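Notes follow once the structure below has been shown.
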Amino acid sequence: MRKSYDGGFSENLFFTDNYEQDFIDVKGFEKWTAYKKEWDQYTKLEREVKYPPHLEFELNYSCNLTCPMCTWSAETAVEKPKDWFKLEDYKKIIDEAVSNGTKSVRLCFINEPLIRKDIDQFVKYASDAGILDIIITTNGTLLTKEVSKRLIEAGLTKLSVSLDAVTEETYNKIRVGGDFNTTIKNIHDFLEIRKNLNSKLPKLRLSFVRTKLNEGEYRSFVEYWKDKADSLGIQNLQDPFAEGKFQDPSRSEGFSFGNKITPPKQFHCPEPYKRMTLRSNGDVLACCSFYAVDLVVGNWKTTEIEKIWNGDQMIELRRIHKNGEYYKNRACKMCVENSSFVFD
Numbered sequence: 010m011r012k013s014y015d016g017g018f019s020e021n022l023f024f025t026d027n028y029e030q031d032f033i034d035v036k037g038f039e040k041w042t043a044y045k046k047e048w049d050q051y052t053k054l055e056r057e058v059k060y061p062p063h064l065e066f067e068l069n070y071s072c073n074l075t076c077p078m079c080t081w082s083a084e085t086a087v088e089k090p091k092d093w094f095k096l097e098d099y100k101k102i103i104d105e106a107v108s109n110g111t112k113s114v115r116l117c118f119i120n121e122p123l124i125r126k127d128i129d130q131f132v133k134y135a136s137d138a139g140i141l142d143i144i145i146t147t148n149g150t151l152l153t154k155e156v157s158k159r160l161i162e163a164g165l166t167k168l169s170v171s172l173d174a175v176t177e178e179t180y181n182k183i184r185v186g187g188d189f190n191t192t193i194k195n196i197h198d199f200l201e202i203r204k205n206l207n208s209k210l211p212k213l214r215l216s217f218v219r220t221k222l223n224e225g226e227y228r229s230f231v232e233y234w235k236d237k238a239d240s241l242g243i244q245n246l247q248d249p250f251a252e253g254k255f256q257d258p259s260r261s262e263g264f265s266f267g268n269k270i271t272p273p274k275q276f277h278c279p280e281p282y283k284r285m286t287l288r289s290n291g292d293v294l295a296c297c298s299f300y301a302v303d304l305v306v307g308n309w310k311t312t313e314i315e316k317i318w319n320g321d322q323m324i325e326l327r328r329i330h331k332n333g334e335y336y337k338n339r340a341c342k343m344c345v346e347n348s349s350f351v352f353d
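If you count the sequence shown from 1, you need to add 9 to reach the working numbering.
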């Protein structure tokens with residue numbers, strides 16, 4: 010078993026010995042190893058570049074579930090397809106990003122990306138343009154056989170499915186509105202389709218946000234999936250309802266967010282060195298946290314992404330995190346201090 014950590018809030022358990030080798034085989038040794046080396050430097054706050062190394066796209070602001078640890082349990086907004094991220098705008102951004110050295114994208118934020126029937130077109134364009142790492146996080150309920158096949162053929166590199174349970178009873182408490190048996194079947198079907206297509210990618214990651222509701226199933230989750238998925242992501246819980254946009258989580262009453270951490274004296278968050286999030290309404294967010302909705306640093310419809318990335322707000326964020334002074338930014342302070350660590 011190999012472990013790695015991402016940003017201090019999740020633990021990745023990798024079980025396949027050929028995990029990185031498969032990326033090298035598909036993407037090329039020099040390209041993939043250079044990308045991984047650079048990503049490690051961003052994570053350690055050792056490298057700054059003039060354009061975001063990674064971009065997150067919220068292609069639609071909608072979800073088909075109301076999970077109690079997510080803002081969708083309190084959201085009342087109704088988005089129409091006409092408000093979705095337009096493919097032509099996305100293409101322009103991808104072309105600009107590739108020309109400036111961006112190597113990875115994730116096609117989701119606080120939403121369910123598979124609601125979009127054309128999601129594979131976004132994947133394919135990024136792949137054809139030269140993006141090395143193309144990631145989607147989904148609840149898996151809409152991961153039909155057809156969708157799986159289209160995503161694999163489009164060039165997706167990583168598919169992360171948020172599962173959080175091994176029993177239907179627990180799943181229904183956490184993934185509210187989903188269907189446990191359908192989701193499990195979708196995951197197995199994906200693995201079978203990938204095998205039949207003789208494709209090494211995308212790698213499948215199953216995530217488990219460990220809470221008081223499911224902590225008794227943690228070990229069973231690992232045991233069941235460790236020989237099936239390519240990696241398992243064990244995530245710390247973050248309470249998105251403390252302050253900010255979603256202060257009245259009426260639909261998540263009774264859900265325990267566990268014990269919050271003792272605020273650290275210093276916390277060096279690498280996200281302002283790595284990424285920005287682009288929303289369909291034009292907002293550019295400084296990271297991918299729930300609290301980033303209160304950390305708007307620009308608008309991609311009116312300002313060049315390069316200017317936003319090198320603007321005063323992003324420069325200041327990188328400075329305070331370099332110094333471990335996360336508490337000097339309200340959104341960063343809320344993000345760090347409303348995370349729970351419930352590991353043994």
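Each residue gets a CB set at the ideal place from its N, CA and C atoms; glycine is no exception.
From a predicted model like this one, the values you see are computed outputs, not experimental measurements.
Rounded to a whole number of angstroms, what is the C-alpha to C-alpha distance between residue i and residue j?
{"i": "L168", "j": "N205", "result": "17 angstroms"}
{"i": "K133", "j": "E155", "result": "15 angstroms"}
{"i": "E290", "j": "L152", "result": "What sits at residue 290 in the sequence shown is Asn, not Glu. Roughly 26 angstroms between the two C-alpha positions."}
{"i": "S348", "j": "T52", "result": "19 angstroms"}
{"i": "C344", "j": "F299", "result": "8 angstroms"}
{"i": "M323", "j": "V302", "result": "15 angstroms"}
{"i": "N338", "j": "N207", "result": "48 angstroms"}
{"i": "Y336", "j": "S108", "result": "35 angstroms"}
{"i": "T312", "j": "L326", "result": "19 angstroms"}
{"i": "P90", "j": "F131", "result": "15 angstroms"}
{"i": "M78", "j": "E280", "result": "22 angstroms"}
{"i": "E346", "j": "N332", "result": "17 angstroms"}
{"i": "F352", "j": "K274", "result": "Per-residue confidence for F352 stands at a pLDDT of 37, beneath the threshold of 50, marking its modelled position as unreliable; the derived number appears in the next sentence. Approximately 21 angstroms, taken between the alpha carbons."}
{"i": "H74", "j": "Y227", "result": "Inspection of the sequence shows that residue 74 is occupied by Leu rather than by His. Straight-line Cα distance between these residues: approximately 22 angstroms."}
{"i": "K283", "j": "I193", "result": "33 angstroms"}
{"i": "I196", "j": "F189", "result": "11 angstroms"}
{"i": "E232", "j": "V175", "result": "10 angstroms"}
{"i": "L213", "j": "D173", "result": "15 angstroms"}
{"i": "W234", "j": "C341", "result": "34 angstroms"}
{"i": "T166", "j": "Q244", "result": "21 angstroms"}
{"i": "Q50", "j": "D292", "result": "27 angstroms"}
{"i": "G242", "j": "L294", "result": "24 angstroms"}
{"i": "Q30", "j": "L210", "result": "11 angstroms"}
{"i": "P258", "j": "K182", "result": "With a pLDDT of 44 at P258, under the threshold of 50, the modelled position of this residue cannot be trusted; read the value that follows with caution. Cα to Cα, P258 sits roughly 16 angstroms from K182."}
{"i": "W48", "j": "K59", "result": "15 angstroms"}
{"i": "G187", "j": "E162", "result": "26 angstroms"}
{"i": "F276", "j": "L304", "result": "18 angstroms"}
{"i": "I124", "j": "I145", "result": "12 angstroms"}
{"i": "I329", "j": "V35", "result": "38 angstroms"}
With a threshold of 7 angstroms (Cβ to nearest heavy atom), would residue i be considered close to the ligand PLP?
{"i": "H197", "result": "The ligand PLP is absent from the structure shown, which contains no ligand whatsoever."}
When DSSP labels each residue in this structure, what does residue i get in the three-state scheme?
{"i": "L168", "result": "strand"}
{"i": "N347", "result": "coil"}
{"i": "N338", "result": "coil"}
{"i": "E155", "result": "helix"}
{"i": "M323", "result": "helix"}
{"i": "I140", "result": "coil"}
{"i": "F217", "result": "strand"}
{"i": "S277", "result": "It should be pointed out that residue 277 corresponds to His in this sequence rather than to Ser. Coil, per DSSP."}
{"i": "G225", "result": "helix"}
{"i": "T311", "result": "coil"}
{"i": "V132", "result": "helix"}
{"i": "V306", "result": "strand"}
{"i": "K101", "result": "helix"}
{"i": "T75", "result": "coil"}
{"i": "E108", "result": "In the sequence under discussion, the amino acid at residue 108 is Ser, which differs from the Glu named in the question. If DSSP states are grouped into helix, strand and coil, S108 belongs with the helices."}
{"i": "R125", "result": "coil"}
{"i": "F32", "result": "helix"}
{"i": "Y70", "result": "coil"}
{"i": "N195", "result": "helix"}
{"i": "R260", "result": "Here R260 scores only 42 on pLDDT, less than 50, and its place in the model should not be relied on; the value that follows carries that caveat. Helix, per DSSP."}
{"i": "A301", "result": "helix"}
{"i": "P211", "result": "coil"}
{"i": "K185", "result": "According to the sequence as given, residue 185 is Val; it is not Lys. In the structure shown, V185 sits in coil (DSSP, three-state: anything other than H, G, I, E or B)."}
{"i": "F94", "result": "coil"}
By DSSP's criteria, residue i is part of a beta bridge. Which residues make up the other side?
{"i": "E177", "result": "DSSP, once it has assigned bridges, lists no residue as partnering E177."}
{"i": "M285", "result": "L64"}
{"i": "N290", "result": "In DSSP, N290 forms no bridge with anything."}
{"i": "S113", "result": "H63, D142"}
{"i": "T147", "result": "V170"}
Throw me the rounded Cβ distance for the residue i and residue j pair, which I believe falls under 8 angstroms.
{"i": "S240", "j": "Y28", "result": "7 angstroms"}
{"i": "A138", "j": "D104", "result": "6 angstroms"}
{"i": "W309", "j": "I102", "result": "7 angstroms"}
{"i": "V170", "j": "T147", "result": "6 angstroms"}
{"i": "C278", "j": "T286", "result": "C278 to T286, Cβ: 14 angstroms. No contact."}
{"i": "I143", "j": "G164", "result": "6 angstroms"}
The stretch 55 to 65 / the stretch 100 to 120 touching (three or more Cβ pairs under 8 angstroms): When C-beta atoms of the stretch 55 to 65 are compared with those of the stretch 100 to 120, three or more pairs fall below 8 angstroms, so the two segments count as touching.
Does the stretch 310 to 317 come into contact with the stretch 89 to 97, if we say contact requires no fewer than three beta-carbon pairs (one atom in each stretch) closer than 8 angstroms? Here the stretch 310 to 317 does not lie against the stretch 89 to 97, with fewer than 3 beta-carbon pairs under 8 angstroms apart.
For the stretch 120 to 132 against the stretch 69 to 78, do three or more pairs of beta-carbon atoms, one drawn from each stretch, fall closer than 8 angstroms, so that the two count as touching? yes
How about the stretch 32 to 39 and the stretch 213 to 228: do they share at least three Cβ pairs that are nearer than 8 angstroms? no
Three or more beta-carbon pairs under 8 angstroms between the stretch 157 to 177 and the stretch 189 to 202, yes or no? yes
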